[in-house]
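Enquirer:
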Amino acid sequence: MHLFTVTDEPLSWILRSKILAGVGSALHYLHYEYDQKVVHRDIKASNIMLDSNFNARLGDFGLARALDHEKTSYTEAEGVLGTIGYIAPECFLTGKATQHSDIYAFGALLIEVVSGQRPGTKVNGFQFMVDYVWSLYREGRILDAVDKRLADDYDSEEAQRFLLLGLACSHPIANERPKTHAIVQMLAGSMAVPQVPPFKPAFMWPAMMPIDDLSQATSIYKTPLSISQYETRGLEPVASGKLLKYSGYTDRSMV
1 MHLFTVTDEP LSWILRSKIL AGVGSALHYL HYEYDQKVVH RDIKASNIML
51 DSNFNARLGD FGLARALDHE KTSYTEAEGV LGTIGYIAPE CFLTGKATQH
101 SDIYAFGALL IEVVSGQRPG TKVNGFQFMV DYVWSLYREG RILDAVDKRL
151 ADDYDSEEAQ RFLLLGLACS HPIANERPKT HAIVQMLAGS MAVPQVPPFK
201 PAFMWPAMMP IDDLSQATSI YKTPLSISQY ETRGLEPVAS GKLLKYSGYT
251 DRSMV
């Protein structure tokens with residue numbers, strides 16, 4: 001994985017920016033431009049494939065599911081699948097993957113690529129990197145989260161925009177997260193990042209919830225699972241179902 005390779009030359013800022021733009025475009029394609037709506041369900045750095053020119057392709061569709069156009073979510077009968085740190089909070093209650101939960105994972109990825117730290121990194125007493133970045137933002141020093149290996153060799157305005165977008169995508173309330181068409185424009189700098197509150201909002205369960213959702217949440221979580229069990233489930237092979245095929249891979253390598 002290029003991002004975490006221990007060398008004298010870290011992945012440059014120009015390449016990080018290029019990779020994030022490519023993944024943002026790929027996610028928009030899955031959500032709105034493919035014949036069916038697709039929820040990837042496992043967006044993370046190790047699932048981003050790079051060609052010889054560092055063009056990014058979103059790979060590993062083992063957990064992905066295509067949805068009928070009238071549907072907005074996919075329920076996994078075995079519980080929450082994915083990787084801790086990238087899983088949206090609502091997924092632990094509903095067991096459902098949605099476009100919103102993909103956006104949450106992309107937010108974790110944004111922060112990961114800018115900071116050079118995995119989402120589950122514990123720093124300054126915080127359990128997850130996103131919480132640490134939120135604290136830095138509140139203190140007016142969000143750029144302290146930028147990968148120290150880059151020194152001053154990065155675009156500070158772009159880095160701040162990416163980190164703020166990462167926080168916006170990581171909003172605990174699903175409906176508050178930006179959509180992919182806006183994300184693509186924000187990455188390019190042609191649209192302003194939405195206002196991010198200085199304190200991370202609390203996760204709130206919607207006041208009105210369909211009975212089916214309530215029964216689903218109850219049935220899935222009668223026996224709570226530990227984080228280690230979720231991690232184990234996230235790594236288990238799953239039947240792939242319908243997969244999307246991408247062309248143009250050459251000299252594949254991971255971010």
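For the sequence shown, the UniProt record's numbering gives the first residue as 1, with consecutive numbering after it. Ideal Cβ placement from N, Cα and C applies to all residues, glycine included.
1) Classify Glu176: buried if its beta carbon has 16 or more other beta carbons within 10 angstroms, exposed otherwise.
2) Compute the distance between the beta-carbons of Ser115 and Phe126, then report whether it is under 8 Å.
3) In terms of residues, what are the limits of the alpha helix (DSSP H) holding Leu136?
4) Going by beta-carbon coordinates alone, are Val196 and Leu150 separated by less than 8 Å?
5) Under a three-way DSSP split, which group does Phe106 fall into?
6) Please tell me whether Tyr34 and Thr180 are closer than 8 Å, where the distance is taken between their beta carbons.
7) Compare the C-alpha of Trp13 against each of Glu157, Phe106, Pro201 and Ile183 and name the closest.
8) Are the CB atoms of Thr98 and Lys44 within a distance shorter than 8 Å?
9) If you drop the 5 nearest sequence neighbours on each side, which residues of the same chain put their C-beta closer than 6 Å to that of Gln185?
10) If we call anything under 8 Å between Cβ atoms a contact, is Ile142 one with Gln117?
11) Just grab the DSSP bridge partners of Phe126 for me.
12) Could you compute how far the alpha carbon of Gly166 sits from the alpha carbon of Pro178?
Expert: Judging by the given coordinates:
1) Exposed, because fewer than 16 other Cβ atoms sit within 10 Å of the Cβ of Glu176.
2) no
3) In the DSSP assignment, Leu136 falls within the alpha helix (DSSP H) that extends over Met129 to Arg138.
4) no
5) Looking at Phe106 - three-state DSSP - the assignment turns out to be helix.
6) no
7) Glu157
8) Between Lys44 and Thr98, the C-beta spacing is not below 8 Å.
9) Met191
10) no
11) Val123
12) Distance between the alpha carbons of Gly166 and Pro178 is about 10 Å.
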